Each structure stands twice: as structure tokens, then as C-alpha cells.
Amino acid sequence: MAKRRSKWRRTWQVVKKMMQEARKVKAYESLKQCPVCGNPHSLTISIKTDKTGEKRSAEVICNVCGFEHRFNEIPSIADEFWIYSKVLDIVHSETVEEKKEETTAETVSSEASVQDVENIEVEPHGEESEIPIDIDIEEEPQ
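Each residue of the sequence shown is one higher than the one before, counting from 35 in the numbering used here.
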């Protein structure tokens, strides 16, 4: 004999399906956020297929900051999420390279300043150029 499903189980399945749909909507909304300027509604991803159907290309453009990137050949399985992840990788690698260049420039300038400090000649002062210091110590009565 078949078991009857409880009302709770059916309700849970409906709620689970609604949560999945909400996640999909949220994911598609996140595709609109520009990784460069952070504007949540300015990024457009367009996938173009050749007339022959063999080559696919993609174009990513931000309407606010002018960020633009083109993918000449993308695989057949590539969708908007794949393209967005590649764009994030590209932007992240560029920012990492910029940070590396900044840190190398800072280390070079700090090394140069350390070498300047090491090259400073210190002239020893003889006994003749000493400045007399008078120290007055007052004792407090106890």
C-alpha cells in the first residue's frame, strides 16, 4: 500500500522550490553589478552567435564607468554566469597586479631612503664644541 505524504512534506517542497527560484532571481540580479565601479544596475552582458553557428562571442559593457571587455571566442557551454566569472577574474587579476606594482614602487622608494640614511656622514663633535648644561636639582623637604 502506498504511503500518504504528510501536509508538512508537501508544504516544505513548495517552500523549497520558492527558495530556489528566489536564489535564481538574486543571482541574475547580481550579474548586473559592475565589478569596476560597483553600480548594481549598469552592467550588460550580450552573447552573440555567428550566422554559421560555430563561433560565439560575448561583450560586457558598463553604462556608468565605461568598462568594456570582449571575448572573441567562448565555449558552447558558456552562459552569462560563466562570462561574469571570467570578467571578475580579469578585474581581480588587474587589481592584484596594480597592488603589486604599488608595493614594489613603495619598497624601491623605501630602500632608496634607507640607502640615503646610510650614506649620511656624521661629523664627530670634539670636546671644544660641547655645550655646557646646568642641572639644578631641588630637594623637597619631607
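Here a beta-carbon is modelled for each residue, glycine too, at the ideal position from N, C-alpha and C.
All values reported here derive from a predicted model rather than from experimental measurement.
Other residues of its chain near residue i: CB distance less than 6 angstroms, five sequence neighbours each side excluded
i: Tyr-118; result: Leu-65
Option nearest residue i by Cα separation, candidates the options
i: Val-125; options: His-103, Gln-47 and Ile-108; result: His-103
i: Cys-99; options: Lys-50, Thr-86 and Gln-67; result: Gln-67
i: Phe-105; options: Ile-79, Ser-127 and Asn-97; result: Ile-79
i: Val-121; options: Tyr-62, Phe-101, Val-49 and Lys-134; result: Phe-101
Residue i versus residue j: straight-line alpha-carbon distance, rounded
i: Asp-84; j: Arg-90; result: 6 angstroms
i: Gln-47; j: Glu-55; result: 12 angstroms
i: Glu-107; j: Asp-123; result: 17 angstroms
i: Cys-96; j: Leu-77; result: 4 angstroms
Start-to-end residues for the alpha helix (DSSP H) that takes in residue i
i: Ala-56; result: 41-64
CB contact check: residue i to chain D, cutoff 8 angstroms
i: Lys-50; result: Here there is only one protein chain, and chain D is not present.
Span of the beta strand (DSSP E), counted from its first residue to its last, around residue i
i: Val-94; result: 90-96
i: Ile-81; result: 77-83
i: Phe-105; result: 102-105
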